[in-house]
Structure formats: C-alpha cells, structure tokens
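Residue numbers (our numbering): 249 to 346. For glycine and all other residues, C-beta sits at the position ideal for the given N, C-alpha and C. Data first, discussion second: the structure below is written as structure tokens.
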Amino acid sequence: MKKLKERWGVTSNLQLTIIFIVFAITGSTAAYLSKPFTDLIGLTKYNLGWLYIPVRLIAIFPIYNVLLVSIGFIFGQFDFFWNFEKKMLRSMKLGFIA
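Listed below in structure tokens is the structure:
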C-alpha cells in the first residue's frame with residue numbers, strides 16, 4: 249500500500265480508501281449501463297453475433313471515463329481522477345481528448 253500511495257501521491261489511508269470505492273462504484277456502474285446503452289443504439293446479440301461482446305466492451309470505455317471523473321468529483325477526489333484520466337488517455341495515445 250505504501251508504494252501505491254507514493255505512486256499516486258496519496259497522503260492518507262482514508263483518501264486511498266475513497267479512491268478504491270470510487271473505482272469500484274465506477275466499474276460496476278459502467279458495466280451495468282453498457283447493456284441499456286447498446287440496446288438504446290440498436291446493438292444486440294442478434295444483429296451483431298459474436299461481435300456483440302467486443303462492441304459492448306468498447307461502449308463501456310467512454311461511459312467509464314465520464315463516470316470516473318464524475319463520481320470522483322462527488323467523493324471530493326476530482327483532481328486525482330482528472331489527472332488519472334489524462335494519464336490513462338495519454339498512455340493510450342488519446343491524449344488529444346483531455
């Protein structure tokens with residue numbers, strides 16, 4: 249935990265706990281919302297076949313990114329998650345988005 253706190257620049261165990269809670273809530277919520285989202289835009293198992301799962305996983309990505317910063321803001325950790333988001337996008341060569 250000490251290395252993770254140093255790497256992320258976290259000062260307290262409470263802050264680290266809040267960060268873990270935000271990651272958990274965000275992941276669960278993004279996975280939950282991906283099915284209604286794909287249904288809304290008309291993508292189903294029947295019209296995509298084996299491509300449905302990869303498309304659904306791709307659909308989770310933008311939902312997850314928006315939720316991560318939003319839920320981080322609600323929990324008072326906006327700066328941490330905004331910097332985390334920018335670093336993640338840069339590592340994926342999508343830094344122009346942030």
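- The beta carbon of I269 sits closer than 8 Å to the beta carbons of F323 from its chain, once the five residues preceding and following it are set aside; these are given in chain order.
- Distance between S339 and R255, taken at the CA atoms: about 16 Å.
- Taking each of P284, T274 and L305 in turn and checking the Cα distance to N313, the smallest one comes out for T274.
- Annotation: T292 to R304 spans about 9 Å, alpha carbon to alpha carbon.
- Taking 8 Å as the upper bound for CB-CB distance, L264 and K253 are in contact here, some 6 Å apart.
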